[in-house]
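Worksheet: one structure, shown below.
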Amino acid sequence: MSTRNVPPVIGLVMGSDSDWPVMQAAAQALDEFEVPYEADVVSAHRMPREMVAYGEGAAGRGLKAIIAGAGGAAHLPGMLASLTPLPVIGVPVPLKHLDGMDSLLSIVQMPAGVPVATVSVGGARNAGLLAVRLLAAHDERLRARMQDFQRVLNAQAGEKGRKLRA
Ligand code: RP5
Numbered sequence: 001m002s003t004r005n006v007p008p009v010i011g012l013v014m015g016s017d018s019d020w021p022v023m024q025a026a027a028q029a030l031d032e033f034e035v036p037y038e039a040d041v042v043s044a045h046r047m048p049r050e051m052v053a054y055g056e057g058a059a060g061r062g063l064k065a066i067i068a069g070a071g072g073a074a075h076l077p078g079m080l081a082s083l084t085p086l087p088v089i090g091v092p093v094p095l096k097h098l099d100g101m102d103s104l105l106s107i108v109q110m111p112a113g114v115p116v117a118t119v120s121v122g123g124a125r126n127a128g129l130l131a132v133r134l135l136a137a138h139d140e141r142l143r144a145r146m147q148d149f150q151r152v153l154n155a156q157a158g159e160k161g162r163k164l165r166a
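Just so it is clear: in the sequence shown, position 128 is 128 by full-length UniProt numbering, and no numbers are missing.
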């Protein structure tokens, strides 16, 4: 099923188009589960007004969760979490300095009351899969697909062990 022309339920945003090579793994995971999403650049520092509009409008436009990726002084996920009641999943994007530790700490160290579900440095695929799981909590069909996916993961891991034991 194509998800084109279907209203998006996940907002996939990033601080710069330079984050896309990392963030596209989230898009791919959403595509695999046929979850409609919108992708955009919403920079916390270079586009602060647009960021506020995006965060304030996301729930009203029908989005169910936001995946936000940023690198360096990575304030986008936390700022969006302060503006929306939706769950926000943060992806620390590694830049050429500091190996992504700056991005990770900027995203993960949120003050009490403003949660961001932070995945690993560069862990955009898991961000996409976590968004699918959030939706699957209220969608039996999606839940069944996630369980199929988990069975495949299990079988693949088991097969690797069998090869080593052979
Ligand atoms: C951050 O600054 C972006 O999320 C990106 O990771 C980083 C660098 O952006 P560019 O200078 O490549 O546009 O806000």
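All C-beta atoms in this analysis are idealised placements derived from N, C-alpha and C, irrespective of residue type, glycine included. Values in this document were obtained by computation on a predicted structure and should not be read as measured data.
Three-state secondary structure assigned by DSSP to residue i
i           : result
A29         : helix
E34         : coil
A12         : Correcting the residue identity first, residue 12 is Leu in this sequence and not Ala. Residue state, collapsed to three classes: strand.
A124        : helix
G161        : helix
P92         : strand
V108        : helix
residue 169 : Outside the shown range of the chain (1 to 166) lies residue 169, about which nothing can therefore be said.
A137        : coil
A166        : coil
A117        : strand
R4          : coil
Boundaries of the beta strand (DSSP E) in which residue i is found, first to last residue
i   : result
A65 : A65 to G71
For residue i, the first and last residue of its enclosing alpha helix (DSSP H)
i   : result
P85 : Segment: none, P85 is in no alpha helix (DSSP H) and carries neither H nor E.
S18 : First-last for S18: undefined, no H or E at that position.
A53 : P48 to G57
Supposed close pair residue i, residue j - CB separation, criterion 8 Å
i    : j    : result
A136 : R125 : The pair is not a contact, with the Cβ atoms about 16 Å apart (cut-off 8 Å).
A70  : S120 : No, A70 and S120 are not in contact; Cβ-Cβ is about 15 Å, not under 8 Å.
Residues around the ligand RP5, please: the ones whose beta-carbon is closer than 5 Å to some heavy atom of it, in chain order.
Here the list is G15, S16, S18, D19, A70, G71, G72 and V93.
Taking 8 Å as the threshold, find out whether the stretch 10-24 comes into contact with the stretch 105-116 through three or more Cβ pairs.
No: the two stretches stay apart, fewer than three of their Cβ pairs being nearer than 8 Å.
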